[in-house]
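Enquirer:
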Amino acid sequence: MWFYAVLGVAFVVWTIVGATRRIIEVVAGGTIPVLGEFAGTPAEAPIGPNGAGVTVELDRAILLPAELPIASVVALVVEQVLIVGAVTVTVGCLLALTWSILHGRLFSRRNTALVATATGAALVGFAAAPFFANMGANGAFAWISDRTFDNVILSVDPVLWFGAAFIGSIATTAFSVGARLQRDTEGLV
């Protein structure tokens, strides 16, 4: 139990430190690295003989705009805040659930709420963070291209998202049914 608690706290601290560093990088101004996703965009890469240019299809790249519009800066900060919030709430709920189970309280309304909250926080973070990252990238594209390159690509892997939603809903249902069965059978033995 303590190993998982330390691991969970370390993961939250690591997430907070990484997000804080990214927020400082974004707010400080200057050249801000922004991940941009592309769809079928040709580019030249020096991978031919003697470094000759070869046309490749660009999937993603780090954009380095000299500066970003304020809306993009805000979006990139919100992305990091969402990531920290989702990770902290999810890990906190799962650690509280583990503590409760180890103390003999498997099925209860509290545990059902913890599972549902952890699932909801993870799903919101998994969907919303890429949305705000995309807003930041769109600002970088607009700034670099003087608004001549339109590249609105939002990618959230639906298989992973629906898989996480499915597993979370099954766990929430199991805890809910277990809590109800436990309440209904109290005093029968």
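Numbering (the numbering used here) for the sequence shown: 22 to 210.
Glycine residues also receive a C-beta, built at the ideal position from the N, C-alpha and C atoms.
Note that this is a predicted model, so its numbers are computed, not measured.
1. Ordered along the chain, which non-local residues of its own chain (more than five positions away) have a Cβ less than 8 Å from that of Leu79?
2. Beta-carbon within less than 6 Å of Phe170's beta-carbon, same chain only, minus the 5 sequence neighbours each way: which residues are those?
3. If you run the structure through DSSP and keep just helix, strand and coil, what is Ala31?
4. For Pro54, which of helix, strand or coil comes out of DSSP?
5. Can you check which of these residues, Leu97, Pro151, Gly189 and Ala149, is closest to Thr41 by C-alpha distance?
6. Only counting the same chain, and skipping five residues up and downstream in sequence, which positions put a Cβ closer than 7 Å to that of Ile68?
7. I want to know whether the segment 136-149 touches the segment 96-111 - three or more CB-CB distances under 8 Å.
8. Going by other Cβ atoms of all chains shown within 10 Å of its Cβ, with 16 needed for buried, is Gly39 buried or exposed?
9. From Ala137 to Val33, what does the alpha carbon distance come to, in whole angstroms?
Expert: Reading off the structure:
1. If you number the sequence shown from 1, residue 79 lands on position 58. Same-chain partners within the cutoff: Phe59, Thr62, Pro63 and Ala64.
2. Mapped onto the sequence shown, residue 170 falls at position 149. Same-chain partners within the cutoff: Phe162.
3. Looking up residue 31 in the sequence shown gives position 10. Ala31: helix per DSSP, three-state reduction.
4. On the sequence shown, position 33 is the one that residue 54 refers to. Pro54 falls in the coil class under three-state DSSP.
5. Position 20 of the sequence shown holds residue 41. Thr41 has its Cα closest to that of Leu97, out of Leu97, Pro151, Gly189 and Ala149.
6. Within the sequence shown, residue 68 is the residue found at index 47, counting from 1. Correct list, in chain order: Val75.
7. Three or more beta-carbon pairs separated by less than 8 Å link the segment 136-149 to the segment 96-111, which places the two stretches in contact.
8. The residue labelled residue 39 in the question sits at position 18 within the sequence shown. Result: exposed.
9. As a working mapping, residue 137 is identified with position 116 in the sequence shown. As a working mapping, residue 33 is identified with position 12 in the sequence shown. Distance between the alpha carbons of Ala137 and Val33 is about 19 Å.
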